[in-house]
Every structure is written in C-alpha cells, then in structure tokens.
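Right, one structure below, let's go through it.
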Amino acid sequence: MARPVQHNLVLDDADALQVRARELTAYWIERAREITGASARRLPVPEVRFDLRGRSAGQAVFARRTRRCHIRLNATLLASHPREMLDETVPHEVAHVAIYRLYGRRAKPHGAEWKALMQAFGVDASPCHALPAEPTRQLKRYRYACGCDEPAWLTSIRHKRAQAGTDYVCRMCGTKLKFDDAG
0 MARPVQHNLV LDDADALQVR ARELTAYWIE RAREITGASA RRLPVPEVRF DLRGRSAGQA
60 VFARRTRRCH IRLNATLLAS HPREMLDETV PHEVAHVAIY RLYGRRAKPH GAEWKALMQA
120 FGVDASPCHA LPAEPTRQLK RYRYACGCDE PAWLTSIRHK RAQAGTDYVC RMCGTKLKFD
180 DAG
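Here the sequence shown stands for residues 0 to 182, where the numbers follow numbering that gives the first Met the number 0.
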C-alpha cells in the first residue's frame, strides 16, 4: 500500500480535516495489518472522536472487557496544526491501538513493539508532540484545615462538593477537613 498522498485540503475546513483524520486512521490500520499480518477481525478500524481538550494531541482509549478501542483527537489542535496532527498524531495513536490489540497490556505504551511499528510506518517514534497548545483550565484552590499544622488545598470542584455535604479527610492525619475561610 502506498504512502498516503499529500493533503490537498482547505486547512480551515474542520469537517474536511475530521474526514481526512478518519481516512488516515483506516489507512494506518491497513498498514499495521500488512506489517504485522493481523486480520481485519483482529485489528478493526477504531472509531475516531474529536472530543479531546487541553494539551494532549491524541489519545488511544482501550476497553479491557470488550477489547474495543477508539481514538480521541484534539479538534482545536487539528484545526490549528492539521499537517502535524494528520502526519504524526494519527499514526502515533493508530500504533497504540494496533499494539494493544495485538499484545494486550503486556506491551508498554511507548515500548519496543510500538517503536518498531512506528519505524515500519516511517513516522518519528516520539512519545510527545511539540505543538503549542492552550493550557488546560486552572482551577481556583481553597484552603482547608485539619488536625495537622499543614493546610490542605481543594480545587473549586471539590470545594463545591464539600460545601454541598461531601466529607473529605486529610491524607496525613485522617481527620475531616474544614473550610478555612481566613485563607
């Protein structure tokens, strides 16, 4: 199977980029089948979702019981860096799916099997991307007191839950945390 053609896409068309990401996922799965000798049944094309947020470019998700997999891609990064996402992130995540389907949890996420498949793909086997990404949201932190001298800090999400009645305990002394409105 030939290397995928260069992308002649309108790079600001989000729908076309998502279609292309799905096409390339199918392409790289087919390449993985050729390289490993796996059947379509053993290595099916995973669903691709565009719901990943934050700094991560992509994520391969595995359901242990069903052994089904799907790929999550960051739609914001796909729109702002389409070439890198299509040329690097898609095969990176497909390699994770293929290695999981073929070796299960025995193989390390960026281990020898994954690196060998990436090398066979002809794609850089870097475990991280270098794309500039918007930082994930910063949550406000609230000070709580306990039996220790050190304060405990809860994020705004846990603070709201504590105010609604959820009890949290100190990891150090085991006493119930109390909101310290002076801090």
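Note that beta-carbon positions come from the ideal geometry of N, C-alpha and C, so glycine has one too.
Proximity below 7 Å, CB of residue i to CB of residue j
{"i": "Leu-42", "j": "Arg-82", "result": "no"}
{"i": "Gly-57", "j": "Leu-72", "result": "yes"}
{"i": "Val-96", "j": "Ala-59", "result": "yes"}
{"i": "Glu-112", "j": "Ile-98", "result": "yes"}
{"i": "Ala-144", "j": "Asp-179", "result": "yes"}
{"i": "Gly-146", "j": "Cys-127", "result": "no"}
{"i": "Arg-170", "j": "Thr-154", "result": "no"}
{"i": "Leu-77", "j": "Leu-23", "result": "no"}
{"i": "His-80", "j": "Leu-130", "result": "yes"}
From the options, residue whose alpha carbon lies closest to that of residue i
{"i": "Asp-14", "options": "Asp-123, Lys-139 and Phe-49", "result": "Phe-49"}
{"i": "Arg-40", "options": "Arg-67, Leu-51, Tyr-26 and Ala-20", "result": "Arg-67"}
{"i": "Ala-25", "options": "Pro-45, Glu-149 and Ser-38", "result": "Pro-45"}
{"i": "Val-93", "options": "His-80, His-109 and Arg-64", "result": "His-109"}
{"i": "Leu-16", "options": "Thr-165, Val-47, Gln-162 and Gln-137", "result": "Val-47"}
Proximal residues to residue i (C-beta, below 7 Å), its chain only, five neighbours per side dropped
{"i": "Tyr-102", "result": "Glu-112"}
{"i": "Arg-157", "result": "Tyr-167"}
{"i": "Thr-174", "result": "Cys-145, Gly-146 and Val-168"}
8 Å CB neighbourhood of residue i in its chain, flanking five on each side removed
{"i": "Ala-62", "result": "Cys-68"}
{"i": "Leu-51", "result": "Gly-57, Gln-58, Arg-71, Leu-72, Asn-73 and Ala-74"}
{"i": "Lys-177", "result": "Tyr-143, Ala-144 and Cys-145"}
{"i": "Pro-150", "result": "Arg-142, Tyr-143, Ala-144, Asp-179 and Gly-182"}
{"i": "Ala-106", "result": "Ile-98, Tyr-99, Glu-112 and Trp-113"}
Neighbourhood of residue i by C-beta, 6 Å cutoff - its chain only, sequence neighbours within 5 removed
{"i": "Val-122", "result": "Pro-90"}
Meets three-Cβ-pair contact criterion under 8 Å: the region 27 to 34 and the region 112 to 122: yes
Worksheet item: For the region 92 to 171, which segments carrying the beta strand (DSSP E) assignment without a break, of at least 3 residues, lie completely within its bounds, in sequence order?
Response: 140 to 144 and 151 to 154
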